[in-house]
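Numbering (full-length UniProt numbering), first residue to last: 1 to 179. Even glycine gets a Cβ: it sits at the ideal position worked out from N, Cα and C. Predicted, not measured: the structure shown is a model, and the values here were computed from it. One structure below.
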């Protein structure tokens, strides 16, 4: 089957014809992706994302000399660039996060009962709380960095704050009752 014929059928939603287009171009897109990213696994991800975008946007794709290959190569380049950007942002975020609640020292001006509250949180909730409260990120930004929906992040943040208050208050009450 010729590419142009397969593409016309794929435009009508024919998955088998799209599979033919994939078979025809996946090796070239993969080799291109290998030159753009650090690992074969990342190149596979870039290739898959490029073909996913081709399927998703198939009605708007412009052929060049009757082929989708140029569009796929440009899309793979864009996906790789976005992937590198996301990786840099994620690494920068990790560098700014405390390694663990134990790394926060009481002499940092944080009360022991607040530390106890922070230690009671799960690691994802602690990271979310630190990003929003300490680093000043908006909830939606922190959610995106942590791979959460904004709604889930707001809910988790609310529960994390309540948990810290609860544990901190319980610690304070225990201290007062002990005196």
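- For residue 126, the enclosing alpha helix (DSSP H) starts and ends at 123 to 129.
- About 11 Å separates the Cβ atoms of residue 29 and residue 80, ruling out a contact at the 8 Å cut-off.
- By the criterion of at least three beta-carbon pairs nearer than 8 Å, the segment 62 to 74 is not in contact with the segment 82 to 91.
- Cβ contact annotation for residue 127 (same chain, cutoff 7 Å, sequence separation greater than five): 97, 146, in chain order.
- Taken through DSSP and simplified to helix, strand or coil, residue 39 comes out as coil.
- Sequence-distant Cβ neighbours of residue 66 in its own chain, meaning closer than 8 Å and more than five residues away, are 3, 4.
- Collapsing the DSSP output to three states places residue 4 in a helix.
- Between residue 56 and residue 11, the CB-CB gap reaches or exceeds 8 Å.
- Cβ-Cβ distances below 8 Å link residue 61 to 54, 68, 71 in the same chain, with the five nearest sequence neighbours on each side left out; the list follows chain order.
- If you ignore the 5 residues before and after residue 142, its C-beta comes within less than 7 Å of the C-beta of 128, 131, 132, 153, all in its own chain and listed in chain order.
- Assigned with DSSP and collapsed to three states, residue 133 falls in helix.
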